[in-house]
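Following numbering that gives the first Met the number 0, the numbering of the sequence shown begins with 0 at its first residue and continues without gaps.
Where is the CB? At the ideal position from N, CA and C, for every residue including glycine.
All values reported here derive from a predicted model rather than from experimental measurement.
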Amino acid sequence: MSKRFAGKVVLVTGGGEGIGRAAAFAFAREGAEVVVAGRHPEMLHDTVEEIKALGGNASCGIADVTRHGEDGGASDAEAIVAAVVERHGRIDVAFNNVTELGPNQPVAEICESVWGETLAANLTGVWLSMKHEIAHMERNGGGVIVNTASNIGSQGMLPGLGAYAASKAAVSTLTQTAAREYIDKGIRINAISPCPLGRGAKVEEIADTVLWLASDEASYVVGHDLVLDRKTAV
């Protein structure tokens, strides 16, 4: 039986830990050439070495996808997309998974710096990544993008996480808007909304959902924010 992502190139941001790491392993098991990107070299290196030890193909790139280019230079998001294309010729699938939960504070107690940092990590980083992934995919006949939102954003499940909830709700809306704009270009965009606290799902279960959304099995699924939770979740 052929593997679902054999011959595909997959970029995973936030691939050094948690959901991103689990997704990187899952894509590699299904035959993909995986590139993990993030801010922590040691974690990325460990992910790559473990994938290779299991017989998979992986590499990594250091990038803070929230960082804009300085003095007209490329942003990290643009640079990592360019590096993957230069190394592998294309990007077939992108999983934008960088996430910062931030401190637990009532809305009126959130300081401006925390608000800005949380939105930069969870929203601006996704937008910058999509901006350059879409540009590449549009030039090269299409592709698939999956973003990580959150059911705190879509359902407002927990108080004290206003900046996080706002940023992730915005990711959901951004995903739906982009999906409508680019499906005619052959680019299929969706999001997942796992629960970051409580028993929402194991990272491996979430990774399985990411792979399904990225696969041909979900070829008719466009512009969805798939909420992953259980009735018993906190």
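One question on the structure: do residue i and residue j come within less than 8 angstroms of each other, judged by their Cβ atoms?
i	j	result
Ala178	Val221	yes
Ile90	Leu10	yes
Val83	Val145	no
Asp63	Asp75	yes
Gly60	Ile79	yes
Met136	Ile186	yes
Gly14	Ala23	yes
Asn95	Met129	yes
Val47	Ala57	yes
Gly141	Lys184	yes
Rounded to whole angstroms, how far is the Cβ of residue i from the Cβ of residue j, which I believe are closer than 8 angstroms?
i	j	result
Gly101	Val92	Contact doesn't hold; Cβ gap of about 28 angstroms is too wide.
Ile18	Ile205	5 angstroms
Ala162	Leu118	7 angstroms
Leu225	Leu212	7 angstroms
Pro193	Asn150	7 angstroms
His131	Val8	About 15 angstroms separates the two Cβ atoms, so there is no contact after all.
Asn103	Leu160	6 angstroms
What separation, rounded to the nearest whole angstrom, lies between the Cα atoms of residue i and residue j?
i	j	result
Ala165	Ala25	29 angstroms
Gly214	Ser1	For the record, residue 214 in the displayed sequence is Ser; it is not Gly. If I take the Cα positions, the gap works out to 13 angstroms.
Gln175	Val125	13 angstroms
Ile109	Ala120	16 angstroms
Thr12	Ala107	31 angstroms
Val233	Val202	With a pLDDT of 36 at Val233, under the threshold of 50, the modelled position of that residue is not reliable, and the figure given next carries that caveat. Whole-angstrom Cα-Cα distance: 17 angstroms.
Ala73	Leu53	34 angstroms
Arg28	Thr98	24 angstroms
Arg38	Thr123	15 angstroms
Ala5	Arg66	32 angstroms
Val143	Ala81	17 angstroms
Glu180	Arg3	27 angstroms
Leu157	Val33	34 angstroms
Glu77	Leu127	8 angstroms
Asn139	Arg20	27 angstroms
Lys167	Glu85	31 angstroms
Ile188	Glu111	31 angstroms
Val170	His223	12 angstroms
Of all the CB atoms in chain C, is at least one closer than 8 angstroms to the CB of residue i?
i	result
His223	In the displayed structure, chain C is absent; only one protein chain is listed.
Name the one or two DSSP bridge partners that residue i has.
i	result
Gly60	Ala36
Asp224	Ala190
Gln235	For residue 235 there is no data in the structure shown, the boundaries of the chain being 0 and 233.
With respect to the beta strand (DSSP E) encompassing residue i, which residues constitute its N-terminal and C-terminal limits?
i	result
Phe94	92-95
Taking the alpha helix (DSSP H) that residue i belongs to, which residues open and close that run?
i	result
Ala148	That residue, Ala148, is in no alpha helix (DSSP H); it is neither H nor E in DSSP.
Val113	111-118
Val9	No alpha helix (DSSP H) contains Val9, which is instead part of the beta strand (DSSP E) from 8-12.
Thr98	Taken as a continuous stretch (DSSP letters only), Thr98 belongs to no alpha helix (DSSP H), as it is neither H nor E.
Ala81	75-87
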